[in-house]
Amino acid sequence: MLCERYYPAMAAIAYCILHDRHLAEDTVQEAYARALEKLPDLRKPEKFTGWLKTICRNTAINIARQQKRTAAIEDAGQLAAPESKDTALHDDLHKAILKLPEKSRELVMLRYFANLSHDQIAEIAGMTPAAVNAKLCRIRKKLENTLKKTIDKEGEK
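Counting along the sequence shown from 1, when you hit position 65 you're at 61 in the numbering used here, and nothing is skipped either side.
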């Protein structure tokens, strides 16, 4: 029951770090296994959400490090398929999200990719729902400005 309840949030956190949906899903499963092993060590059950989030984040970071060590260098001469405007805008948005600070990126992923409510995000992030809402508003404004600058630069070319 706990796995089902926290899975979307944990997957969003892992995706935030790994940028790969399948790898994020594997990471969540690994994080749950680690949490199960360490459950007897949890001294404050009311801190379960934050504790689980930390295990998931650390697991994702460890996997990201392993990926960097074993990743092969991609062929730089590979030709890319022509992009549509929607694809280019999607890519620009994705790049802008990746440039956000980790905490901001995590809130975006929890809200818009895991589709969690402000109350659910507040519980996971250790914030109030009002603070989550305010922070998301600032993040959206920042993303909007970043995308406008990107579009303006592309228009100048």
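Quick reminder that beta carbons are idealized off the backbone N, C-alpha and C, glycines included.
With respect to the 9 Å criterion, residue 59 and residue 14 are classified as neighbours on the basis of their beta carbons.
Within the model, the alpha-carbon separation for residue 28 versus residue 48 is close to 8 Å. Contact between residue 105 and residue 8 holds: CB atoms are separated by about 4 Å, below the 8 Å threshold. DSSP places residue 111 in the coil class of the three-state scheme, outside both helix and strand. The beta-carbon distance between residue 107 and residue 117, rounded to whole angstroms, is 6 Å. This is short enough to meet the 8 Å contact definition. With fewer than 16 other Cβ atoms from the protein chains shown falling within 10 Å of its own Cβ, residue 144 counts as exposed. Between residue 19 and residue 5, the C-beta gap is not smaller than 9 Å, which leaves the two residues out of contact.
In summary, residue 53 is buried, with 16 or more beta-carbon neighbours lying within 10 Å of its beta-carbon over all protein chains present.
With a contact defined as Cβ atoms closer than 8 Å, residue 146 and residue 88 qualify at about 5 Å. Residue burial is scored here from C-beta neighbours: residue 61 has fewer than 16 other C-beta atoms within 10 angstroms and is therefore classed as exposed. Here residue 94 is near residue 101, since their CB atoms are less than 9 Å apart.
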